[in-house]
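One structure is given here, and the rest of the page talks about it.
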Amino acid sequence: GAGVSQSPSNKVTEKGKDVELRCDPISGHTALYWYRQRLGQGLEFLIYFQGNSAPDKSGLPSDRFSAERTGESVSTLTIQRTQQEDSAVYLCASSLAQGTYNEQFFGPGTRLTVL
Amino acid sequence: GNSVTQMEGPVTLSEEAFLTINCTYTATGYPSLFWYVQYPGEGLQLLLKATKADDKGSNKGFEATYRKETTSFHLEKGSVQVSDSAVYFCALSEDSTLTFGKGTMLLVSP
């Protein structure tokens, strides 16, 4: 079946502009996660959604970052007033449910470059 | 807080060589441990996992044993192939989110 998809695959923007990144999880997966991978760094957790519960936003680096999810489907990550340090690959993952035993399936990522 | 430390790369090996990529972790409780792999041009995928002490995860000839006494989860493979060239990430989870190491690039030459 279809895996996690993300769009766009690449995004180049100017400093100060807003960007929206999209994630389509695997159908039936109730948990959805956003991570960021900056050059030379490991993946950093940003936010996760589980069903209709309030999202865990503890990893968002600033109030310029926000994310929404419609039910158990598509999620968008929005970065307002982008800065050069926001340049990274943004990865989305989904899993059947929350919990440490549920494998997270990752999308191919969106490479964001802020000039 | 939780953290994962893995050896820096790149690790460069000849085909059929033995591979070890070290990974140690710090956690407040009893995490599950994972190795993810990212092949060139592809997304991250789970390679193997272990959910409790002394468990051994294995897949595609790779193995890792959850060592609570040394807080380690080293990845090993007895004979690497060119197709194993990729970036390998060690990770842990105590709740729902994953904490990753920085990744180790493996380059295998024929």
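In the order they appear, the protein sequences are chains A and B.
115 is the number that this note's numbering gives to position 115 of the first sequence; each next residue is one higher, with no gaps.
In this note's numbering, each residue's number is its place in the second sequence (first place is 1) plus 1000.
Every residue, glycine too, gets a C-beta built ideally from N, C-alpha and C.
Chain-ordered neighbours of residue i on chain B, where CB pairs are closer than 8 angstroms
{"i": "residue 48/A", "result": "1096, 1097"}
{"i": "residue 108/A", "result": "1042, 1043"}
Beta-carbon neighbours of residue i, restricted to chain B and to distances below 9 angstroms
{"i": "residue 33/A", "result": "1096, 1097, 1098"}
Closer than 9 angstroms to chain A by CB, residue i
{"i": "residue 1025/B", "result": "no"}
{"i": "residue 1082/B", "result": "no"}
{"i": "residue 1106/B", "result": "no"}
{"i": "residue 1036/B", "result": "yes"}
Residue from the options whose Cα sits closest to the Cα of residue i
{"i": "residue 13/A", "options": "65/A, 71/A, 82/A, 36/A", "result": "82/A"}
{"i": "residue 113/A", "options": "54/A, 72/A, 2/A, 20/A", "result": "20/A"}
{"i": "residue 1031/B", "options": "97/A, 24/A, 102/A", "result": "102/A"}
{"i": "residue 42/A", "options": "1104/B, 1109/B, 1108/B", "result": "1104/B"}
{"i": "residue 71/A", "options": "51/A, 23/A, 93/A", "result": "51/A"}
{"i": "residue 90/A", "options": "28/A, 45/A, 3/A, 69/A", "result": "45/A"}
{"i": "residue 1033/B", "options": "1084/B, 1007/B, 1079/B, 1072/B", "result": "1072/B"}
{"i": "residue 75/A", "options": "27/A, 32/A, 115/A, 28/A", "result": "32/A"}
{"i": "residue 1045/B", "options": "1017/B, 1087/B, 1099/B, 1108/B", "result": "1087/B"}
{"i": "residue 1047/B", "options": "1038/B, 1069/B, 1053/B, 1094/B", "result": "1038/B"}
{"i": "residue 167/A", "options": "16/A, 10/A, 37/A", "result": "In the structure as shown, chain A starts at 1 and stops at 115, and residue 167/A therefore has no counterpart that could be examined."}
Any C-beta of chain B under 9 angstroms from that of residue i
{"i": "residue 56/A", "result": "yes"}
{"i": "residue 96/A", "result": "no"}
{"i": "residue 51/A", "result": "no"}
{"i": "residue 103/A", "result": "yes"}
{"i": "residue 85/A", "result": "no"}
{"i": "residue 112/A", "result": "no"}
Residue i - containing beta strand (DSSP E), residue span
{"i": "residue 1007/B", "result": "First-last for residue 1007/B: undefined, no H or E at that position."}
{"i": "residue 1073/B", "result": "Element bounds for residue 1073/B: n/a, residue is neither H nor E."}
{"i": "residue 1024/B", "result": "1023-1026"}
{"i": "residue 103/A", "result": "It is not in any beta strand (DSSP E) - residue 103/A carries neither H nor E in the DSSP assignment."}
{"i": "residue 74/A", "result": "First-last for residue 74/A: undefined, no H or E at that position."}
Residue i - partner residues in DSSP beta bridges
{"i": "residue 10/A", "result": "111/A"}
{"i": "residue 1049/B", "result": "1034/B"}
{"i": "residue 44/A", "result": "36/A"}
{"i": "residue 1093/B", "result": "1032/B"}
Closer than 8 angstroms at the beta carbon, the chain A residues around residue i
{"i": "residue 1103/B", "result": "42"}
{"i": "residue 1089/B", "result": "42, 43"}
Per-residue contacts from residue i into chain A (C-beta, under 9 angstroms)
{"i": "residue 1046/B", "result": "103, 104, 105, 106"}
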